[in-house]
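At position 107 of the sequence shown (counting the first as 1) the number is 107 in this note's numbering, and the numbers step up by one without a gap.
Glycine is no exception: its CB is placed at the ideal position from the N, C-alpha and C atoms.
Note that the structure is a prediction, hence the values are computed from the model and not measured.
Below is one structure, written out as structure tokens; comments come after it.
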Amino acid sequence: MPQILSFAQSKLQNLENTLHLERQDIINADLLNVLKNLPKLLDDIVLKELSSIIADYSDRIDFLTEQELIINVISPILRLVKNKGEGYSNFANRTFGYDFGELKLSGAVDYTIASGKYEPSVPYFCFHEYKKEQGDSDPRGQLLAEMLVAQALNRDAKTGFDTIYGCVVVGRNWFWVILKDKEYAVSKAYDSTQIEDLEEIYLILVKIKYIIEDHIKSKKQFNYAKNIDL
Numbered sequence: 001m002p003q004i005l006s007f008a009q010s011k012l013q014n015l016e017n018t019l020h021l022e023r024q025d026i027i028n029a030d031l032l033n034v035l036k037n038l039p040k041l042l043d044d045i046v047l048k049e050l051s052s053i054i055a056d057y058s059d060r061i062d063f064l065t066e067q068e069l070i071i072n073v074i075s076p077i078l079r080l081v082k083n084k085g086e087g088y089s090n091f092a093n094r095t096f097g098y099d100f101g102e103l104k105l106s107g108a109v110d111y112t113i114a115s116g117k118y119e120p121s122v123p124y125f126c127f128h129e130y131k132k133e134q135g136d137s138d139p140r141g142q143l144l145a146e147m148l149v150a151q152a153l154n155r156d157a158k159t160g161f162d163t164i165y166g167c168v169v170v171g172r173n174w175f176w177v178i179l180k181d182k183e184y185a186v187s188k189a190y191d192s193t194q195i196e197d198l199e200e201i202y203l204i205l206v207k208i209k210y211i212i213e214d215h216i217k218s219k220k221q222f223n224y225a226k227n228i229d230l
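Pasting the structure below:
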């Protein structure tokens, strides 16, 4: 009998064992190279907004409820990035699932960037917000489960998008997760109360947006050329 788990029930160790995944060592993880060579796109408006977030919430971020963290810290950053364009948009609390045979995963994703205009089709980026690590919870496991479903949906749809990007926020700390084939990597913590880290958080989100847009553009050009050849 296959395991049937919600995203919230998913744990890193179980996912690794069941789906034969390998986690790259953070020191030598080539998957994390995407977090380097970030675009230099910090204009005055962005810098002012990021500085305002730190000024208003850095001294009490650990006391915010989940909804307060989303409304006052996470959402303003995501709005600055403007994850919406031709062929893709952002969606919140949308449900995805996949049957891997030995494991069935499903659940709602806090925030995702996916193909589609009114309804999400194939997700490229998954975002999971988690206030604190409590008890036996595993926020990184939940995010990885969401990303594995996104990877499988891309594979079935033959999108050619073979690297899935994700982020989990645990209080003040942001962790990036990159998944390709059977390997994944988890970044160091980026502290959103430190301006240098917060700037990098914004720029990483921008870079991931550009990666998604470049993929959609190249896919569109390929399909156009294919139709001409026909």
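Under the three-state DSSP convention, the category residue i falls into
{"i": "Y118", "result": "coil"}
{"i": "D191", "result": "strand"}
{"i": "E22", "result": "strand"}
{"i": "G141", "result": "helix"}
{"i": "S10", "result": "coil"}
{"i": "K219", "result": "helix"}
{"i": "I108", "result": "This sequence places Ala at residue 108; Ile is not what is there. A108: strand per DSSP, three-state reduction."}
{"i": "N173", "result": "strand"}
{"i": "A29", "result": "coil"}
{"i": "L148", "result": "helix"}
{"i": "L35", "result": "helix"}
{"i": "I4", "result": "strand"}
{"i": "D214", "result": "helix"}
Option in the options with minimal Cα separation from residue i
{"i": "D214", "options": "E49, T112, T159, N93", "result": "T159"}
{"i": "Q151", "options": "I70, A8, Y98", "result": "Y98"}
{"i": "L21", "options": "G116, K207, K182, L80", "result": "K182"}
{"i": "K117", "options": "F91, S137, E102, L103", "result": "F91"}
{"i": "L32", "options": "Y111, N14, L179, T193", "result": "L179"}
{"i": "N28", "options": "S187, I204, F127, D56", "result": "S187"}
{"i": "G107", "options": "D44, T65, C126, I26", "result": "C126"}
{"i": "N37", "options": "K207, G101, K219, I212", "result": "K207"}
{"i": "L205", "options": "E102, V46, L69, I61", "result": "V46"}
{"i": "V109", "options": "G101, P139, Y88, S52", "result": "P139"}
{"i": "D59", "options": "I216, T112, N83, Q194", "result": "Q194"}
{"i": "K11", "options": "A157, S192, N154, Q142", "result": "Q142"}
{"i": "S137", "options": "P2, D25, Q13", "result": "Q13"}
{"i": "K104", "options": "Y210, Q9, K219, T112", "result": "Q9"}
{"i": "L80", "options": "N93, D44, E86", "result": "D44"}
{"i": "Y234", "options": "N72, F96, I211", "result": "No information on residue 234 is available, as it lies outside the stretch 1 to 230 that the chain covers here."}
{"i": "I164", "options": "A157, E102, R172, V149", "result": "V149"}
{"i": "P2", "options": "E102, V34, R172, G87", "result": "E102"}
Distance between beta carbons of residue j and residue i, contact taken as under 8 Å
{"i": "Y184", "j": "W174", "result": "So it is not a contact: roughly 17 Å between Cβ atoms."}
{"i": "I77", "j": "I201", "result": "7 Å"}
{"i": "L42", "j": "E199", "result": "6 Å"}
{"i": "N119", "j": "F7", "result": "Going by the sequence as given, residue 119 is Glu instead of Asn. With 8 Å as the limit, E119 and F7 do not qualify as a contact, their Cβ atoms being about 19 Å apart."}
{"i": "V169", "j": "E129", "result": "5 Å"}
{"i": "V122", "j": "L144", "result": "Contact doesn't hold; Cβ gap of about 18 Å is too wide."}
{"i": "L35", "j": "W176", "result": "6 Å"}
Residues that residue i bridges to, as DSSP identifies them
{"i": "P123", "result": "A114"}
{"i": "Y184", "result": "R23, L179"}
{"i": "G208", "result": "Residue identity differs from the one stated: residue 208 is Ile in this sequence, not Gly. Note: I208 sits in no beta bridge, so no partner."}
{"i": "I201", "result": "Answer is none; I201 lacks a bridge partner."}
{"i": "T163", "result": "K180"}
{"i": "E129", "result": "V169"}
{"i": "L153", "result": "According to DSSP, which records beta bridges pairwise, L153 is partnered with nothing at all."}
- [ ] Let me know the alpha helix (DSSP H) ranges lying completely inside the segment 42-99, each 4 residues or longer, listed in chain order.
- [x] 44-57, 66-69, 75-81
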